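Undergrad: Numbering (UniProt numbering), first residue to last: 1 to 272. Beta carbons: idealized from backbone N, C-alpha and C, even for Gly. Fair warning: this is a prediction, and the values are worked out from it, not measured in the lab.
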């Protein structure tokens, strides 16, 4: 049985692929780290040494693997058992269905119902949108409770932008700053949107494990990555709320700030 990174879930919640795709030096160093797991200093040694390995080897997944998405789905499913907050329950249901991209998928569905472009939803649009997205198990009473939680002024309508802000998995200010910096770097025109071509031009595909082991070409890596942002209506652009929603989902699978920090900085070449 090959050595895997499953033990890192205990410390950072980061499921990574097997060591087969890494250099021989990286594999040997990792095996040494694994040897410390049963010592009293395990957590400290693994955290410090693994962060050093990330800095020197720079092999980071920008998009979550299917396994990582399954972990998000399972965590959400487990939390739904005890959650009572209407907004949190909707967030968890989205993540249970779509993983890191669950909320982004729901936002795209809701945009279809915004025919006049006023970025507001009434209850009927809200209810129909949930059904169209596949959340059939939400009762009418729970839908009303969720809608009421957003409709603070009792106007019978909720702001689409406010809805997205509140339903995203919460991120620390540190993480929000990193996501904002990455988006600003890609949004060359400053119009709040980035084209998938711009995204592909900045994303460093050569650091992806499947490129490094020869399984994928650079173009294949980029195409796979872009699928995470341009799902649904395939409009060829990534809006700010979509970018933030995606990384809010990614953030939900990473418990430790240093790992998230390294992922964003290495992937988008952000300065310290």
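(1) Using a Cβ distance threshold of 8 angstroms, determine whether the segment 95–105 contacts the segment 138–156, with at least three qualifying pairs required.
(2) In this structure, how does DSSP classify residue 178 when only helix, strand and coil are distinguished?
(3) Please state if the CB of residue 251 and the CB of residue 243 are separated by a distance shorter than 8 angstroms.
(4) Within the same chain, show all residues whose beta-carbon is closer than 6 angstroms to that of residue 271, passing over the 5 residues directly before and after it, in chain order.
(5) What's the gap between the Cα of residue 137 and the Cα of residue 265?
(6) Check for me: the alpha helix (DSSP H) holding residue 125 runs from which residue to which?
(7) Touching or not, the segment 117–132 and the segment 141–150, by the rule of three or more beta carbon pairs under 8 angstroms?
(8) Helix, strand or coil, according to DSSP, for residue 173 in the structure here?
(9) Does the beta-carbon distance from residue 253 to residue 103 come in below 8 angstroms?
(10) One question on the structure: do residue 194 and residue 238 come within less than 8 angstroms of each other, judged by their Cβ atoms?
(11) Can you find the residues in the same chain that come closer than 7 angstroms, C-beta to C-beta, to residue 90, ignoring five residues on each side of it along the sequence?
TA: Once the coordinates are examined:
(1) Judged by Cβ distances under 8 angstroms, the segment 95–105 makes no contact with the segment 138–156, as fewer than three pairs qualify.
(2) helix
(3) Result no, Cβ atoms of residue 243 and residue 251 do not sit closer than 8 angstroms.
(4) None.
(5) 39 angstroms
(6) 123–133
(7) The segment 117–132, when compared against the segment 141–150, does touch it at the 8 angstroms Cβ threshold.
(8) helix
(9) 8 angstroms or more divides the Cβ of residue 253 from the Cβ of residue 103.
(10) yes
(11) 146 and 167
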